[in-house]
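Taking my numbering, the leading residue of the sequence shown gets 983, the next gets one more, and so forth.
Virtual Cβ for every residue (Gly too), placed ideally from N, Cα, C.
Structure first, then comments.
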Amino acid sequence: MIDDDAPLPRGQAHTTAPPASHRPPATGAPCSLPTHTPIFVGNVPLTSSLHSGDTITAAFNNSSRKTLSFIPPSMQNGEIIVRPSLESIRNGSQRWLTTRLVIFWVDGPYFPHVKEYVQSVWPMVREVTATSNGFFFFQFKTAAAMEEVIEGGPWLFQGQPIVLQKWEPGMVLRKLQHTQVPVWIKLRHLPVELWTTEGLSTVASGIGKPLYPDAITRACTRLDFARVCIMLDISSKLPKHCDYGSS
């Protein structure tokens, strides 16, 4: 039995807690999850660091914060399945419609360096964000500004080529194998009858996988050469010329 009035050794002080009746009431519900309990939402593992007896408080009790709601998942073969509605996907996609995913073909550079470079070279970029596995997101102010940057390539950062890929819903961000790279090529002495989508696609396919022409080529306002962006296999040898055929 501990006597609260008993003297303590020199250098020590009482550390007794107030009785339970004097403690402020808990604002949440008691949690009985053990330490580091795995929780699965779909096939994405999460980890809870709650301890037995911990209290879950209202994390969104501030009126300025957005409150989340519980949407019941479904069960399939004993596994929890979450199915976002089409409306929620459409609403969530609106923010990223003017976004280009930037992929660096070697080890990604330091994020502050990328952000500083982008803000100085492309003032039409509204926001720059990054992921932990080396992907960068450039969100442009308008779709026209985004296309202007795309057609102005190829782009280099610190001497290394970068890939600007349009973000699409459902895109999974994984490290890519560095086997292909988009490059801009010039098709000279191209007959005017081949300045069509099919004609440019046919000729450019002899070099790589055609992606798109630049704005001047689409408008046919410069007939000295056609400028086309293609996906090129870095292991293939770039031909010096392409035979258009005689027919």
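Within its chain, find whatever has a CB closer than 7 Å to the CB of residue i; leave out the 5 residues flanking it on each side and keep chain order.
i, result
"Ala1127", "Met1106"
"Tyr1194", "Cys1211"
Would you report the Cα separation of residue i and residue j, rounded to the nearest angstrom?
i, j, result
"Arg1170", "Ala1208", "7 Å"
"Gly1181", "Glu1150", "28 Å"
"Gly1116", "Tyr1099", "16 Å"
"Leu1068", "Met1057", "19 Å"
"Ile1212", "Val1110", "26 Å"
"Leu1214", "Pro1192", "9 Å"
"Ile1198", "Val1210", "10 Å"
"Arg1152", "Asp1196", "For the record, residue 1152 in the displayed sequence is Gly; it is not Arg. Between Gly1152 and Asp1196, the C-alpha separation is close to 27 Å."
"Phe1052", "Pro1094", "37 Å"
"Arg1065", "Thr1049", "20 Å"
"Lys1148", "Glu1133", "13 Å"
"Val1174", "Arg1072", "42 Å"
"Arg1204", "Thr1179", "16 Å"
"Asp1225", "Ser1187", "12 Å"
"Ser1070", "Ser1114", "25 Å"
"Arg1200", "Glu1061", "51 Å"
Is the separation between the beta-carbon of residue i and that of residue j shorter than 8 Å?
i, j, result
"Val1163", "Leu1146", "no"
"Ala1125", "Phe1118", "no"
"Val1185", "Phe1139", "no"
Please return the same chain residues whose Cβ sits closer than 6 Å to the Cβ of residue i, not counting the five positions on each side in sequence.
i, result
"Lys1123", "Met1106, Arg1108"
"Cys1202", "Trp1177"
"Leu1172", "Ala1208"
"Ala1041", "At Ala1041 the pLDDT is 44, less than 50, meaning the model places this residue with poor confidence and gives no usable figure here."
"Glu1129", "none"
For residue i, which residues from the same chain have a beta carbon less than 8 Å from its beta carbon, with the 5 sequence-adjacent residues on both sides left out?
i, result
"Asn1059", "none"
"Lys1219", "none"
"Gln1231", "Coverage of the chain is limited to positions 983 through 1229, which leaves residue 1231 absent and any answer about it impossible."
"Ser1183", "Pro1192"
Closest by CA to residue i, which one among the options?
i, options, result
"Ile1063", "Pro1054, Val1100, Thr1111, Phe1117", "Pro1054"
"Lys1222", "Ala1125, Gln1101, Ile1189, Asp1206", "Ile1189"
"Trp1137", "Glu1129, Val1165, Lys1148", "Val1165"
"Phe1120", "Glu1175, Ser1114, Gly1134, Trp1104", "Trp1104"
"Asp1206", "Gln1101, Lys1168, Glu1175, Thr1049", "Lys1168"
Practice problem: Entirely within the stretch 1165 to 1207 and at least 4 residues each: give me those alpha helix (DSSP H) ranges in chain order. | Solution: Qualifying alpha helix (DSSP H) stretches, in chain order: 1179 to 1186, 1197 to 1201.
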